[in-house]
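What follows is one structure encoded as structure tokens, with my remarks underneath.
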Amino acid sequence: MAADYVSPFDERVRAAEPLAPRPAGVAGRRVVLLDIRKNRGAEFLDRVEALLTAGGAATARVTKEIFSKPAALGLIDEIASGGGLVVEALAD
Amino acid sequence: MEPAWRADGDGGLGGGPAPELDVHATGTAAVTLAGLTAGGCALLVFVSEHCPTSALALRRLGPLCAAWAHAGLTAIAIFEDPLDVAIRTARRLGWTGQVAAQEPPYPASRAYRLATVPTAVLVGRDGLVAGAVAGWDRRAVAGLLGEAAARLGAGLPVPPEEGPLTKPGCSSKAAIDPDLVAAMSDGGGDDLEEMFERGWTDGLPVIPPTAERVAAMLDGRDGGESLGLVPPAMGEATLARVAACAVLAGCRPAYFPVVAAAARAVLDPAFNLHGQAVTTQPAGQLVVVNGPVREAIGLNSGMGALGPGFRANLTIGRAVRLLVSLTGGAMPGAMDRATLGQMGKLGFCVAEDEEGSPWEPLHVERGFAAGRSVVTVIGSDAPLSISDHRSRTPEDLAYVLAWAAASAWSTNWWPLAEPSVYVICPEHAQMFRAAGWTKQRLREFMFDAVRKPARLLLRGETTPAVHAADPGTLVPKWASPEAIVLLVAGGEAGRYSAVLGPCTGMGSRIVSREVESRGG
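Protein chains in written order, with the numbering used here: chain F, 1 to 92; chain U, 93 to 612.
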């Protein structure tokens with residue numbers, strides 16, 4: 001008989017979240033750009049935004065409260081409802 | 093069902109269909125042969141963490157994976173170990189391909205009829221086995237890569253001609269008789285080693301959390317009670333899991349109320365454990381204990397207060413860290429992304445020497461009654477020792493102590509909003525006592541003492557505040573006197589205090605929780 005241990009892990013199986021379909025292009029799409037407030041993330045998004053705009057996308061900028069905490073649920077809802085695509089600027 | 097080929101020989105087998113892989117990996121998508129061969133071919137490298145030949149194969153092949161992937165050959169290391177062990181081992185050995193794991197009874201290894209690890213199996217886009225090599229045989233592996241290159245129509249780098257060119261492999265765990273494996277895990281094996289197999293460790297040996305030990309730790313408490321979700325993986329901190337971590341850490345049941353209070357404290361959103369757990373900073377969770385529980389459970393606040401030798405100090409801090417890394421999933425090298433880390437991340441629990449202190453203890457400062465037992469958690473860096481045997485005035489001593497923190501976090505990063513924690517030794521504390529200095533007076537003197545003109549803080553990493561300041565403006569090291577936390581602990585002889593720098597940029601606040609008292 002195997003030893004009866006109490007696991008320190010949360011053994012619940014989490015269903016894998018499938019990736020959303022990748023877009024064929026950005027022209028005519030609305031792209032949300034998420035600045036997590038890491039150093040120089042805004043500069044990165046400026047460059048990405050220029051490229052997206054040149055490619056015919058409409059953009060919207062949103063910002064997290066602080067980079068080190070998960071985004072607020074309200075912000076996630078705003079992103080999910082406000083645009084079909086999202087680009088997130090991570091660490092510098 | 094017999095497979096069309098066997099991988100237990102000397103390679104050169106193949107032609108039959110490759111069995112589908114029953115493994116799990118880090119990504120959300122399932123690992124499939126179709127996915128692995130989508131680029132052209134797949135190289136399945138079956139390995140085991142305990143096998144030196146597997147380590148050799150991973151070390152020799154690992155650096156080549158990126159170039160292979162570019163040419164259409166996807167390499168995946170399939171471990172006969174838990175996934176977290178697989179990830180750590182692959183990273184340590186420089187494996188840059190994909191990583192997958194399988195648990196007993198090792199279905200993927202069984203499907204491929206492995207006798208030996210490492211075994212490298214080449215699978216073509218047609219789903220057929222194109223060849224296999226058991227053990228380490230540099231020439232045979234190069235031949236296997238030659239076959240892949242021919243199929244891909246592209247050159248593939250091969251491992252260098254370094255010795256050993258051949259090395260026998262180890263027995264695949266799947267090749268051991270299942271009854272024997274079961275017998276080994278039924279007490280015939282080494283239960284301490286099993287903890288490593290399960291990944292229930294911080295790298296040091298642990299105490300197996302048997303149901304009996306966890307029940308003793310809980311001492312009648314409801315193990316199903318939830319203290320909340322532990323970031324970053326958001327595992328639920330049931331009291332039973334907290335108790336399991338306390339057992340693993342080596343705690344006595346008498347320590348558990350302190351561990352549980354510390355767990356409640358670190359899970360307070362104001363502490364932002366999420367940020368601390370995953371940061372590249374060397375962020376530890378310092379646990380400070382005040383009140384009568386210190387003496388009741390044998391916490392050391394005297395000689396060597398920040399060092400080894402005392403079970404309560406070492407295991408309480410360790411239990412908290414195990415909760416973060418196991419239940420919370422913040423294992424170093426995985427979701428814990430600390431660049432260097434620090435030894436305080438094994439666990440760091442300090443008891444304050446309230447009796448030897450000239451001041452009100454930390455928990456009283458934070459609003460608790462003096463007679464209550466309280467745990468306070470602070471995100472912090474490693475301690476820096478400060479020697480001062482020569483100061484003869486409280487002003488000189490306070491100046492020396494304060495300037496020791498001038499480089500906390502970074503040399504020119506002024507001011508710091510987050511707390512620097514000073515552990516003042518009794519001889520230093522006595523000088524302030526004799527001069528009648530209150531804790532607040534010392535804090536304000538230190539705050540005022542450490543200032544520099546902005547022009548001297550412009551080199552390298554510095555703050556927006558320094559950039560914005562007039563060059564002659566005096567910038568303080570701390571944003572306010574309250575960013576200086578003062579504790580008293582240590583042996584009666586020797587004038588060594590210490591300062592622990594902060595965990596910065598997290599918006600982390602200091603959090604305190606009262607320790608449960610069953611006796612009232």
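Glycine included, every Cβ here is placed at the ideal spot set by N, Cα and C.
Per-residue contacts from residue i into chain F (C-beta, under 9 angstroms)
i, result
"His-366/U", "Ser-68, Lys-69, Pro-70"
"Arg-333/U", "Val-6, Ser-7, Pro-8, Phe-9, Asp-10"
"Trp-292/U", "Tyr-5, Ser-7, Pro-8, Phe-9"
"Leu-340/U", "Pro-8"
Distance, residue j Cα to residue i Cα
i, j, result
"Ala-99/U", "Val-137/U", "Below a pLDDT of 50, predicted positions are generally treated as unreliable, and Ala-99/U, at 44, falls in that range; the measurement from the model is reported next regardless. Approximately 12 angstroms between the Cα atoms of the pair."
"Pro-374/U", "Lys-437/U", "8 angstroms"
"Gly-291/U", "Pro-174/U", "7 angstroms"
"Thr-601/U", "Ala-362/U", "Correcting the residue type first, residue 601/U is Arg in the shown sequence and not Thr. Looking at the two C-alpha atoms, the distance is approximately 6 angstroms."
"Phe-348/U", "Pro-252/U", "54 angstroms"
"Ala-443/U", "Ile-478/U", "19 angstroms"
"Phe-67/F", "Arg-22/F", "26 angstroms"
"Gly-219/U", "Thr-166/U", "13 angstroms"
"Val-139/U", "Leu-566/U", "60 angstroms"
"Ala-159/U", "Ala-24/F", "27 angstroms"
"Ile-470/U", "Gly-376/U", "8 angstroms"
"Leu-476/U", "Leu-493/U", "11 angstroms"
"Leu-244/U", "Glu-286/U", "42 angstroms"
"Leu-489/U", "Ala-411/U", "36 angstroms"
"Thr-63/F", "Glu-88/F", "10 angstroms"
"Cys-143/U", "Val-225/U", "16 angstroms"
"Pro-297/U", "Arg-305/U", "16 angstroms"
"Pro-384/U", "Ala-147/U", "51 angstroms"
"Glu-17/F", "Leu-272/U", "38 angstroms"
"Asp-10/F", "Gly-327/U", "5 angstroms"
Identity of the residues DSSP links to residue i by a beta bridge
i, result
"Leu-165/U", "Cys-133/U"
"His-559/U", "DSSP lists no partner for His-559/U."
"Ile-179/U", "Per DSSP, none; premise fails for Ile-179/U."
"Asp-613/U", "The requested residue 613/U is not part of the displayed model; chain U covers only 93 to 612."
"Cys-343/U", "DSSP output for Cys-343/U lists no bridge partner at all."
Beta carbon of residue i nearer than 8 angstroms to that of residue j
i, j, result
"Gly-108/U", "Arg-151/U", "no"
"Tyr-204/U", "Pro-111/U", "yes"
"Thr-145/U", "Pro-210/U", "yes"
"Cys-343/U", "Leu-415/U", "no"
"Ser-472/U", "Gly-593/U", "yes"
"Trp-228/U", "Gly-189/U", "no"
"Gly-599/U", "Asn-364/U", "yes"
"Pro-568/U", "Pro-507/U", "yes"
"Asp-360/U", "Val-603/U", "yes"
"Ile-179/U", "Ala-426/U", "yes"
"Leu-248/U", "Ala-149/U", "no"
"Ala-357/U", "Arg-605/U", "yes"
"Thr-371/U", "Ala-430/U", "yes"
Neighbourhood of residue i by C-beta, 6 angstroms cutoff - its chain only, sequence neighbours within 5 removed
i, result
"Met-423/U", "Asp-176, Ser-417"
"Glu-584/U", "Pro-518"
"Phe-460/U", "Val-466"
"Tyr-613/U", "No information on residue 613/U is available, as it lies outside the stretch 93 to 612 that chain U covers here."
"Ala-2/F", "The predicted model places Ala-2/F with a pLDDT of 49, which falls under 50 and marks its position as unreliable; any figure quoted below should be read in that light. So the list is empty, once near-sequence residues are dropped."
"Leu-257/U", "Arg-230"
"Trp-529/U", "Pro-486"
"Ala-474/U", "Gln-434, Gly-436"
"Val-456/U", "Ala-462"
"Trp-451/U", "Lys-531"
"Asp-311/U", "Pro-345"
Own chain, CB closer than 7 angstroms to residue i, minus 5 neighbours either side, in chain order
i, result
"Gly-446/U", "As written in the sequence, residue 446/U is Glu, which differs from the Gly given in the question. Closer than 7 angstroms at Cβ, skipping near neighbours: Asn-382, Pro-453."
"Arg-217/U", "Thr-129, Gly-132, Cys-133"
"Asp-562/U", "Ala-546"
"Ala-509/U", "Ala-571, Ala-575"
"Glu-94/U", "The predicted position of Glu-94/U is uncertain, since its pLDDT is 38 and thus under 50; a value taken from the coordinates is nonetheless stated next. Within the same chain, Glu-94/U has no close Cβ partners at all."
"Leu-498/U", "For the sequence presented, residue 498/U should be read as Ala rather than Leu. For Ala-498/U, where only same-chain residues beyond five positions count, the Cβ hits under 7 angstroms are Val-542, Lys-569."
"Glu-78/F", "Val-62"
"Asp-314/U", "Leu-331"
"Thr-554/U", "Asn-504, Trp-505"
Neighbouring residues, chain F, relative to residue i (Cβ below 8 angstroms)
i, result
"Gly-327/U", "Phe-9, Asp-10"
"Thr-503/U", "Correct list: empty, because the minimum Cβ distance to chain F is about 17 angstroms."
"Thr-419/U", "Pro-8, Phe-9, Asp-10"
"Cys-337/U", "Pro-8"
Nonlocal neighbours in the same chain, by C-beta distance under 8 angstroms from residue i, ignoring five residues either side
i, result
"Arg-30/F", "Ala-57, Ala-58, Thr-59, Ala-60, Gly-82, Gly-83, Gly-84, Leu-85"
"Leu-125/U", "Ala-110, Glu-112, Leu-113, Ala-134, Val-215, Gly-219"
Residues that residue i contacts on chain F, provided the C-beta gap is smaller than 7 angstroms
i, result
"Leu-414/U", "Pro-8"
"Met-598/U", "Ser-68"
"Val-306/U", "Val-6"
Where residue i meets chain B, residues with beta-carbon distance less than 9 angstroms
i, result
"Pro-301/U", "In the structure shown, chain B cannot be found, because the protein chains are F and U."
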